[in-house]
Amino acid sequence: MMTNWKYFEIGKLFHQIYKASAYNAQDLISSSAVNSDAIRYITRTDTNNGCKEFVQNENFTQIEQGNAITIGDTTATIYYQNEQFICGDHIVILRAPFLNEIRGVFIVALLNKERFRYNYGRSFKMDIIKKTRILLPSIDDNNPDWNYIEYIVKHNIIPALPSKSRKVWNGEYNNKSISSAAINLDCVKWDWFRVSDLFHTFERGKVHSQYSLPSGNEYFYVGAKKDSNGVMTRCGYDENLASKGNCVIFICNGEGSVGYTNYMDRDFMASGDLILGYGEHINQYTGLFLSTILDKERPKYSFGRKYGKYVKGTKILLPITKDGAPDWQFMEDYIKSLPYSANL
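Structure (structure tokens):
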């Protein structure tokens, strides 16, 4: 199937481009995604499809309906929203009759290619958004070939996605929890523990240059970034560069990510900017719990302060047993009680 590609201005493609009404986060009440009254709170965050959190729907008067593209005008964070939502400050909404989920995600991917133009303090303001051009398959000078776009997504892009991502597209993902028990974090006592007391082994990542990675697609190469669980790319296997999985990853160097942690369940290739923590009580549930708690320490390591030499001495609050030891079973049970944990 062949088609021509032409540039189209966003301002001519979309019938509605407007600034959303803003709600202050301090005026909202957090909720769980599975609650019937929950609604998405969309902000300029660059994670979770722009959703900062789910909040209680208190009969808001400025609810945005789904099937829209949201743009953070000071951050150039761009997402497609398929369900109703409310917004924080500096969110621009794009709407058009042609829009659906597949077309929306395709356009978002193209707009994200333009993000580099709006770094370093240059805002993605509404007039700039309207003048932005994207390259689309076309029927003629005035009309994109939406059918061909859907064909590309359905037959080329979705089949190439990882299995869990394909399940999301196909509506097969599970929003249930592993455990039906409701667990309250306030029902247990907490105490301080040094990181060195939680792990029996610490190792450095072994990859000192991404160019040294073997070609292939079987293994993750994990570097100094928080999003995408730190995965930079895929590569082949090299016994001398590989690290064991089932570990907590401490990001000790790297612009913008120092002090963050991730959990990795499988063997992988790790950057030398990472420290890997292994322990007998670590599994995918306790690892995720620890990673969340450890991320609260991240502000201490901003502005150039390196994390590496402080990792082992860092103290974090954890739930404890009657004997005063870390309550690993509680941590595991808590993660299992969360929505979507059945997908882990």
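The opening residue of the sequence shown carries number 1 in the UniProt record's numbering; numbering runs sequentially from there.
Don't be surprised by glycine CBs; every beta carbon is placed ideally from N, CA and C.
It should be emphasised that the depicted structure is a prediction, and the values quoted were computed from it without experimental measurement.
Beta carbon of G277 nearer than 8 Å to that of F250: As a working note, residue 277 is residue 277 in the sequence shown. As a working note, residue 250 is residue 250 in the sequence shown. Between G277 and F250, the C-beta spacing is below 8 Å.
Contact test: S30 Cβ vs the ligand ATP heavy atom, cutoff 7 Å: With respect to small molecules bound, the structure shown includes none, and the ligand ATP cannot be examined in it.
Length of the line joining the Cα atoms of S163 and Y173: By 1-based counting over the sequence shown, the position of residue 163 is 163. By 1-based counting over the sequence shown, the position of residue 173 is 173. Straight-line Cα distance between these residues: approximately 10 Å.
Under 8 Å between C-beta atoms of I102 and F193: Translated into positions along the sequence shown, residue 102 becomes position 102. Translated into positions along the sequence shown, residue 193 becomes position 193. It is not a contact, given that the beta carbons lie outside the stated cut-off.
Host alpha helix (DSSP H) of D265 (start-end): Looking up residue 265 in the sequence shown gives position 265. Note, D265: premise wrong, no alpha helix (DSSP H); not H, not E.
C-beta atoms of F60 and I86 nearer than 8 Å: In the sequence shown, residue 60 corresponds to position 60, counting from 1. In the sequence shown, residue 86 corresponds to position 86, counting from 1. A contact, by the Cβ cut-off of 8 Å.
Whole-number beta carbon distance between T70 and S88, since they are thought to touch under 8 Å: Taking the sequence shown and counting its residues from 1, one reaches residue 88 at position 88. Taking the sequence shown and counting its residues from 1, one reaches residue 70 at position 70. Note on residue identity: the sequence assigns Gly, not Ser, to residue 88. Incorrect: roughly 10 Å between the Cβ atoms, too far for contact.
Complete beta strand (DSSP E) runs within the segment 192-217 (minimum length 3 residues, chain order): Within the segment 192-217, the complete beta strand (DSSP E) segments of 3 residues or longer fall at 201-204, listed in chain order.
Buried/exposed call for A182, threshold 16 Cβ in 10 Å: Start at 1 with the first residue of the sequence shown, and residue 182 comes out as number 182. A182 should be labelled exposed.
Residue from V195, K154 and D27 with nearest C-alpha to I275: Taking the sequence shown and counting its residues from 1, the one referred to as residue 275 is at position 275. The alpha carbon of I275 has as its nearest neighbour, out of V195, K154 and D27, the alpha carbon of V195.
Residue interval of the beta strand (DSSP E) (run including L136): Counting from 1 along the sequence shown, the entry for residue 136 is found at position 136. For L136, the enclosing beta strand (DSSP E) stretches over residues R133 to D140.
Q26 in three-state terms, based on DSSP: Numbered from 1 along the sequence shown, position 26 holds the residue referred to as residue 26. Three-state DSSP puts Q26 in a helix.
Nearest-angstrom Cβ-Cβ length linking N175 and V34, presumed shorter than 8 Å: By 1-based counting over the sequence shown, the position of residue 175 is 175. By 1-based counting over the sequence shown, the position of residue 34 is 34. 6 Å between Cβ atoms; contact.
Close beta carbons around P326, own chain, < 8 Å, minus the five adjacent residues each side: Within the sequence shown, residue 326 is the residue found at index 326, counting from 1. Within the same chain, F193, L198, H281, L318, P319 and I320 come within 8 Å of P326 by CB-CB distance, once the 5 residues on both sides are set aside.
First through last residue of the alpha helix (DSSP H) which encompasses I293: For the purposes of this step, residue 293 is taken as the residue at position 293 of the sequence shown. I293 -> alpha helix (DSSP H) spans Q284 to D295.
Contact the segment 150-160 vs the segment 13-20: 3+ CB pairs below 8 Å: The segment 150-160, when compared against the segment 13-20, does not touch it at the 8 Å Cβ threshold.
Straight-line Cα distance separating E64 from C187: Counted from its first residue, the sequence shown places residue 187 at position 187. Counted from its first residue, the sequence shown places residue 64 at position 64. Spanning the two alpha carbons is a distance of roughly 37 Å.
Outcome for S291 when other beta-carbon atoms lying within 10 angstroms are tallied against a minimum of 16: Mapped onto the sequence shown, residue 291 falls at position 291. With 16 or more other CB atoms across the displayed protein chains lying within 10 angstroms of its CB, S291 is buried.
Simplified DSSP assignment, three categories, for G223: Indexing the sequence shown from 1 puts residue 223 at position 223. Looking at G223 - three-state DSSP - the assignment turns out to be coil, as it is neither helix nor strand.
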